[in-house]
Structure formats: C-alpha cells, structure tokens
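There are 2 protein chains.
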Amino acid sequence: MNAHTSAPRPRDRVTVIGGGVIGISWAGLFLAHGLDVVVSDPRPEAKDQVLAGLAEIAPALAELGLPTERLTARLRFEPDLAAAVAEADVVQENGPERLDVKREIWRTVEAAAPAHALLATSTSGIPASAIATALRQPERLVVGHPFNPPHLVPLVEIVPGERTSPETLLRARDFYASLGKKPQILRKEVPGFVANRLQAALFRECVHLVAEGVVTEAELDDIVTDSIGLRWAVAGPFRTFHLGGGPGGLPHFLRHLGRAMEATWPGLGEPSFDEPTVALLTAQAEEAFGGGPVGELAARRDRAQLALMRALAATADGRQAQHGQREQPAQHGQATA
Amino acid sequence: MNAHTSAPRPRDRVTVIGGGVIGISWAGLFLAHGLDVVVSDPRPEAKDQVLAGLAEIAPALAELGLPTERLTARLRFEPDLAAAVAEADVVQENGPERLDVKREIWRTVEAAAPAHALLATSTSGIPASAIATALRQPERLVVGHPFNPPHLVPLVEIVPGERTSPETLLRARDFYASLGKKPQILRKEVPGFVANRLQAALFRECVHLVAEGVVTEAELDDIVTDSIGLRWAVAGPFRTFHLGGGPGGLPHFLRHLGRAMEATWPGLGEPSFDEPTVALLTAQAEEAFGGGPVGELAARRDRAQLALMRALAATADGRQAQHGQREQPAQHGQATA
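These protein sequence lines map, in sequence, to chains B and D.
For the first sequence, counting from 1, position 200 maps to 205 in my numbering; every step adds exactly one.
For the second sequence, counting from 1, position 331 maps to 336 in my numbering; every step adds exactly one.
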C-alpha cells in the first residue's frame with residue numbers, strides 16, 4: 006500500500022509455481038497483501054489465464070478488506086523455473102499432482118533458490134517425505150495445503166514430512182498467519198491430511214444414502230446446511246458433542262453415548278463409484294445444479310461464505326465458540342516442536 | 006400476540022410428551038409461535054424443570070425474532086398422558102429412547118387423542134415402523150426428528166415408517182414449516198436417519214485422527230470450523246464438489262476424481278471407544294473445554310449460530326447458495342408421495 010514511502014518494510018518475494026486455479030488464488034492473496042509475486046508456468050497461455058483469474062477473484066479479495074486497485078503491479082511472469090526462484094523468500098508450488106513431476110520441480114528449486122527460502126508445496130495428496138527424497142536438504146520442504154480456494158477458505162494444513170524441521174513448520178505457520186489464514190500444524194504425516202480425510206468420510210456416507218434412495222443429492226445438501234454444516238461452522242465436532250453432552254460435557258457423552266455411536270459405525274455405507282452410481286449421481290447433479298453456470302453459482306457461494314466469515318468475526322461469541330480458551334497460536338507450534 | 010382480537014385464528018393445540026431438554030426446546034418454539042401447549046411428564050419435578058428451561062432458552066427465541074413476553078401464558082401441565090392428549094391437534098413425543106416405553110406411550114395416545122391429531126415422535130434411533138406395530142392406525146405415526154436443540158437448528162427430519170401415509174408426511178412437513186423449521190422428508194426409513202449418520206461417519210474419522218496423534222481435539226475442531234464447516238454451512242457436500250469440479254461440475258468431479266476418492270475410503274480409520282481411547286478423548290476434552298461451564302459455552306455457540314443464520318438470511322446469495330433453483334418446498338412431498 007505504501008510502496009513509495011522512504012523506508013519500506015522488507016517485503017517477502019514469493020514465487021508461485023503453476024498458474025492453475027490454486028496458483029492463481031495464492032497469487033491473488035499474496036499480491037493483495039503487498040508481496041512481490043513471480044508466477045512460473047511453462048505453458049504459453051499461462052500468463053493470460055492468470056491475469057483473467059486474478060480479475061475474477063479480485064472482488065472477493067476486496068470483500069476480505071484487502072486493497073486490489075493495482076493488484077498486478079508487483080506481479081511478474083517467469084516461465085524458467087530456476088530464474089523464477091532465484092530471489093524467492095517463499096516458494097509455493099502448485100504443480101501437477103504427480104510424484105515424478107514434483108520431485109523434478111523441487112530438485113530444480115532447491116538448486117536455484119536462496120538458502121533461506123521457505124519451500125512449500127500445495128499438494129493435497131503427495132507426502133512431503135516422498136518428494137523430499139529428491140532433495141539434499143529435506144528438512145526445508147513442507148506441505149502448505151490450502152482448502153480450495155486458498156484466498157477465501159481460512160485453513161492451511163501444514164504437514165511435516167519425516168525430515169521436515171520444526172523451524173520450517175513454524176516459519177510456514179507464521180507466513181500463512183501473516184496473510185490472515187488459519188494455519189494448523191499436523192503432528193504426523195498421514196495420507197489426505199485431516200480436512201480431506203474428514204470430507205471423504207462424510208462424502209462416502211452421502212454417496213451411500215443417495216445411491217440407496219434415502220434422499221436425493223439436493224435433499225442431502227439441504228439437510229447438511231440446515232444442521233451439521235451450520236453447527237460445524239461455529240463449533241467443531243468435539244466441541245459440538247461436548248456442548249451436547251449436558252453438564253458432563255464430552256466425557257459424559259463418551260461414557261453414555263459412545264458405545265451407541267460405535268454400534269452404528271459398522272452399518273455405515275461402503276459404496277463405490279461404479280457405473281450405475283456415477284450415472285445416478287450425474288443425473289441428479291444435472292437436475293439440481295444444471296440451471297446455471299458453475300462460475301455464477303460459485304461466486305454466490307463465495308459471497309455467502311464471506312458474509313458468514315464477517316458475521317463470525319463480528320461476534321466475540323463466534324471466535325470464542327470456535328476457538329475457546331486457546332487464544333495463543335504459539336501453543337500449536339510448541340506442542341508440535 | 007393478538008390473543009384478544011375478536012376473531013382469533015384457530016390455533017394448534019400441541020401436546021409435548023416428556024419435559025427433558027428436547028421437550029423443553031420444542032415447547033418453547035411452539036409457545037413462541039402462539040400455539041397452546043400441554044406438557045405431559047409424570048415426574049413431579051418436571052414442571053419446575055420445564056419452567057426453568059423455558060426461561061433459559063427465551064433469549065434465543067427472542068433473537069429468532071419471536072415474541073417471548075408471555076411465553077408461558079398458554080402453557081399447561083398435565084401428568085396424565087390420556088388427559089394431556091385428549092384435545093391435541095399435534096402430539097410431539099420426546100420420551101425415553103426405549104422401544105417398549107415408546108410403544109406403551111403411543112398405545113395410550115392413539116386411544117385418547119382426537120382422530121385428526123398429527124402423531125410425531127422425536128426419536129433419533131427408533132424406527133416408526135417398530136413403534137407402530139403397537140398401533141391400530143400405524144399410518145398416523147411419523148418420526149419428526151429435530152437436530153438438537155429444536156428451537157434453534159433449522160432441520161427436522163421427517164421419516165416415514167413402513168406404513169406411514171403420505172398425508173401424514175405432508176401434514177408433518179407443513180406443521181414444522183409453519184414454525185420456521187426446514188423439514189426434510191426422507192424417502193426411506195434407515196437407522197440413524199441422515200444427519201446423524203453423516204455426523205457419525207465424520208466423527209469416526211475424527212476419533213481415529215485424534216487417537217492416532219495426528220491432531221488434538223481442539224486442533225481438529227479448528228480445522229473443521231476453518232474449512233469444511235464454513236463450506237457446508239453455505240453449500241452441502243454435493244454442491245461443494247459441484248462447484249469444485251470446474252466448468253464440468255460434479256459430473257466432471259465424479260469422472261476424474263471419484264476413483265481417487267474411492268481409493269482413500271479403505272484407508273479411513275476404524276477406531277473403537279475402548280478404554281485407552283475414551284481416556285485420551287476425555288483428557289483432551291478437559292484440557293480444551295474444561296475452563297468454563299458447559300451452559301455458558303453452549304450459549305455462546307448458540308449466539309454465534311444465530312448470527313450466522315441472520316447473515317445467511319440477509320443475503321439472497323446465502324439462501325440461493327444453499328438451496329439453488331429449488332424454491333418450491335412442495336417438490337419434496339410430491340417426490341416422496
């Protein structure tokens with residue numbers, strides 16, 4: 006914002022590898038926070054796609070209260086990867102989800118980037134440990150996995166590889182927190198990390214219930230937004246059961262209702278995406294969502310979500326209901342280190 | 006509100022069976038909507054408990070925009086069940102979750118209530134089919150399962166027994182909708198209904214991830230509120246993946262990512278509430294939530310949730326993001342009938 010003052014604070018220079026949907030979203034967030042951004046993508050059409058994508062998300066960034074007037078003033082494109090990371094303080098990689106490709110990318114980055122650079126991959130499915138075997142300094146690489154889209158959803162999962170250093174984890178946490186994100190350091194590397202595992206567990210049962218004809222997709226969606234979705238936006242699953250356990254809280258719930266819930270688990274569905282199931286889900290999706298362009302539906306959803314985020318931020322109750330007594334983010338890192 | 010106008014509209018007379026937490030919440034909602042309410046509970050302490058409970062939830066009812074000044078003016082207590090339902094238009098039963106008890110209650114109600122009365126049980130776990138074998142007119146009984154607390158969470162699952170009539174389902178839907186709830190008629194009786202099955206599926210993985218030491222309860226709760234919770238408050242799981250599938254929507258997602266998600270399902274956890282797990286979950290709950298009385302935490306959560314509901318209601322985007330093109334609730338019933 007004050008790029009021309011006499012003593013500008015040092016700004017992070019961030020290299021965003023990959024100009025797809027995730028890369029664009031990260032780039033937009035970084036730029037709106039005043040960082041210098043280099044986007045590196047070998048595809049000739051990448052530059053136009055990134056500029057179009059930034060124009061599309063600019064309104065959402067503005068609704069987050071970020072300045073977007075000259076969003077691309079500090080944006081540069083550099084298709085050559087080694088050149089793109091040569092002066093980077095932070096590298097956020099959003100390349101294809103293929104281990105061989107990621108290894109090749111990171112080998113190049115490690116050789117060309119400054120020794121102090123934070124090295125983070127947005128991967129949702131490849132463990133840092135698997136990529137880091139290609140590196141001389143595996144302790145530098147960490148997963149910084151956003152929940153799509155990164156500029157809008159608060160969570161960033163910071164997932165260590167087997168050899169990621171505590172310093173790298175804390176630095177990643179501080180970097181994402183400085184952008185207004187809600188980083189969470191996981192204590193162990195686990196396939197799918199946390200949010201996507203939870204999403205997959207719930208979606209599995211969703212597919213089962215629709216395939217069994219208990220509800221349609223649209224009906225199930227309404228059930229979720231009108232009950233557990235609303236609940237979990239304010240208080241997570243453990244807190245929700247704690248508050249539902251009466252005066253005895255979660256311990257009471259576990260002692261008195263835990264066995265009953267456990268008894269229901271074997272009865273949950275184990276569907277598969279076989280042809281009839283995919284055909285049914287596709288037909289229902291076309292009926293329920295087919296009326297308008299996805300982009301417009303997504304923009305509406307994003308505006309509604311921004312309204313929720315503002316409502317939560319405006320109530321001390323909201324933040325306290327979500328985060329309880331734990332006000333010091335430093336605790337997370339200490340517990341992990 | 007206008008109880009003394011010369012031509013009052015006919016008011017439903019509702020009998021609430023059981024003066025526990027769920028019964029109190031229903032009674033408060035019914036009273037705030039101007040209905041005549043009889044609470045029937047054989048316990049001598051029930052009356053005091055109900056009055057205290059109503060006083061506790063009155064502020065939340067007021068925040069919903071409902072009149073609460075003379076909330077108990079149309080409230081009556083009648084411990085004798087047959088007498089309590091003798092003039093009922095609607096019976097909402099919240100008795101103990103035991104099949105033999107529920108059968109006995111409903112046998113009495115069927116014999117004593119007017120022939121036109123809507124008969125609904127709040128049960129979360131007992132199928133209407135199993136209760137209705139005790140009735141001469143099983144087509145009259147339906148599950149009207151609220152998500153706790155009924156006065157606050159919009160969802161009511163309307164679940165048919167094998168012999169529940171379509172007329173009963175539609176009447177239940179209209180009744181709950183008239184109270185501002187979001188009723189959803191399920192197309193089939195299934196154990197746990199829908200919302201609790203989804204909750205159980207997700208919570209199973211939550212327990213697994215905490216038991217495995219990937220995250221603490223408090224960390225997992227933050228992950229949920231900062232990602233999937235926020236998402237699902239605005240758009241359910243199918244719509245979320247539809248909007249995440251790019252221009253091709255959910256069909257594209259299913260074709261390209263369905264198999265990848267399916268491959269993750271066998272790796273999801275299968276924990277049990279054995280002693281070490283319960284001990285760990287209890288210890289973490291005490292650390293995370295132990296600081297204050299559950300009632301105060303719950304009140305905070307409820308205020309935050311009300312703020313979200315108001316934010317959603319205030320944006321056309323919110324309702325459209327949630328409910329899409331389907332604006333006619335009548336569709337649900339037609340599809341089910």
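Backbone N, C-alpha and C fix where the C-beta goes; we use that ideal spot for every residue, glycine too.
Since the structure is predicted, the reported quantities are computational estimates derived from the model, not experimental observations.
Own chain, CB closer than 6 Å to residue i, minus 5 neighbours either side, in chain order
i	result
D/R112	A139
B/E61	none
D/D17	L40, D94, V95
B/L255	F246, H247
D/G28	V21, N99
B/V90	T20, V96, V114, A117, A118
Close beta carbons around residue i, own chain, < 7 Å, minus the five adjacent residues each side
i	result
B/G251	H257
D/I131	E102, L104, K107
D/G23	D46, E98, N99, G100
D/P155	I27, S30, W31, L34
D/Y181	G149, V161, P188
Span of the beta strand (DSSP E), counted from its first residue to its last, around residue i
i	result
D/S183	Unbroken run through D/S183 is the alpha helix (DSSP H), 171-183; no beta strand (DSSP E).
D/D279	No beta strand (DSSP E) contains D/D279, which DSSP labels as neither H nor E.
B/E98	95-98
Contacting residues, own chain, Cβ-Cβ under 8 Å from residue i (five flanking each side not counted)
i	result
D/R168	S134, A137, P143, E144
B/V212	G274, P276, F278, T282, L286
D/L302	F294
D/L311	A65, E68, L69, L157
D/Q330	Note that D/Q330 scores a pLDDT of 46, beneath 50, so its modelled location is shaky; the value from the coordinates is reported in the next line. If we look at D/Q330 and ignore the five residues flanking it on each side, it has no Cβ neighbours.
D/H121	D94
D/S129	E102, H150, G197, F198, N201
Residue range of the alpha helix (DSSP H) that includes residue i
i	result
D/T113	104-117
B/A122	Careful: B/A122 lies outside any alpha helix (DSSP H) and carries neither H nor E.
B/Q142	Segment: none, B/Q142 is in no alpha helix (DSSP H) and carries neither H nor E.
D/E222	222-230
B/H247	242-249
D/V215	200-216
B/V239	233-239
D/L86	86-90
Helix, strand or coil at residue i according to DSSP, with G and I counted as helix
i	result
D/G149	strand
D/R14	Residue placement at D/R14 cannot be trusted, given a pLDDT of 46 that sits under 50; what the coordinates show is reported in the next sentence. D/R14: coil per DSSP, three-state reduction.
B/R81	strand
D/E61	helix
D/P165	strand
D/S45	strand
D/P348	The first residue shown for chain D is 6 and the last is 342, placing residue 348 of chain D beyond what the model contains.
B/L76	coil
B/Q189	strand
B/T320	coil
D/V158	coil
B/T20	strand
D/T269	helix
D/G25	coil
Where residue i meets chain A, residues with beta-carbon distance less than 7 Å
i	result
B/Q54	The structure shown contains no chain A; the protein chains it does contain are B and D.
Open item on the list: Along the stretch 63-83 of chain B, where does the CB come closer than 9 Å to a CB of chain D? Name the residues.
Closed with: Of all residues in the stretch 63-83 of chain B, none places a beta-carbon less than 9 Å from a beta-carbon of chain D.
Open item on the list: Output needed in chain order: residues of the stretch 84-116 of chain D with a Cβ under 8 Å from some Cβ in chain B.
Closed with: Within the stretch 84-116 of chain D, no residue has a Cβ that lies closer than 8 Å to any Cβ of chain B.
TODO: Anything in the stretch 228-244 of chain D with a Cβ closer than 8 Å to a Cβ of chain B? List those residues in chain order, please.
DONE: The stretch 228-244 of chain D vs chain B, Cβ under 8 Å: I228, V229, T230, D231, S232, I233, G234, L235, R236, W237, A238, V239, A240, G241, P242, F243, R244.
Open item on the list: Taking contact to mean 3 or more Cβ pairs, one atom from each stretch, closer than 8 Å, check whether the stretch 208-226 of chain B and the stretch 289-299 of chain B are in contact.
Closed with: Touching, yes.
Task: Residues within the stretch 268-281 of chain D neighbouring chain B, beta-carbon criterion of under 8 Å - done: Answer set for the stretch 268-281 of chain D: T269, W270, G272, L273, E275, S277, F278.
TODO: Check distances from the C-beta atoms of the stretch 196-211 of chain B to those of chain D and list, in chain order, the residues that come in under 9 Å.
DONE: Within the stretch 196-211 of chain B, the qualifying residues are P196, G197, F198, V199, A200, N201, R202, L203, Q204, A205, A206, L207, F208, R209, E210, C211.
Task: contact_flag[the stretch 146-165 of chain B, the stretch 188-199 of chain B] where n(CB pairs < 8 Å) is 3 or more - done: Touching, per the Cβ criterion.
Open item on the list: Closer than 8 Å is the cut-off here; do at least three beta carbon pairs connect the stretch 171-182 of chain D with the stretch 102-112 of chain D?
Closed with: Touching, no.
TODO: Output, in sequence order along the chain, the residues in the stretch 177-188 of chain D whose CB is closer than 8 Å to any CB in chain B.
DONE: Answer in chain order: K187.
Open item on the list: Between the stretch 67-79 of chain D and the stretch 115-135 of chain D, can you find at least three pairs of beta-carbon atoms closer than 8 Å?
Closed with: As far as the Cβ criterion goes, the stretch 115-135 of chain D does not touch the stretch 67-79 of chain D, which means the pair count is below three.
Open item on the list: Give me the subset of the stretch 135-149 of chain B whose CB atoms are less than 9 Å from a CB atom of chain D, sorted by chain position.
Closed with: Within the stretch 135-149 of chain B, no residue qualifies.
Open item on the list: Which residues of the stretch 118-133 of chain B have a Cβ closer than 8 Å to any Cβ of chain D? Give them in chain order.
Closed with: Taking 8 Å as the cut-off between beta carbons, the residues of the stretch 118-133 of chain B near chain D are G130, in sequence order.
TODO: Please confirm if the stretch 32-46 of chain D is in contact with the stretch 79-86 of chain D, defined as three or more CB-CB distances below 8 Å between the two stretches.
DONE: Enough Cβ pairs lie closer than 8 Å, so yes.
Task: Contact set between the stretch 150-180 of chain B and chain D, restricted to residues whose Cβ is under 8 Å from the partner - done: So the list reads F152, N153, V158, P159, L160, E162, given in the order they occur along the chain.
Open item on the list: Counting beta carbon pairs with one atom in the stretch 228-241 of chain D and one in the stretch 227-238 of chain B, are three or more of them shorter than 8 Å?
Closed with: Here the stretch 227-238 of chain B lies against the stretch 228-241 of chain D, with 3 or more beta-carbon pairs under 8 Å apart.
- [ ] Pair every Cβ in the stretch 51-65 of chain D with every Cβ in the stretch 22-36 of chain D, then say whether three or more of these pairs are closer than 8 Å.
- [x] For the pair of segments examined, the stretch 51-65 of chain D was found to touch the stretch 22-36 of chain D: the number of CB pairs separated by less than 8 Å reaches three.
TODO: Quick one: which residues of the stretch 32-55 of chain B get their C-beta closer than 9 Å to a C-beta of chain D? List them in chain order.
DONE: Residues: none.
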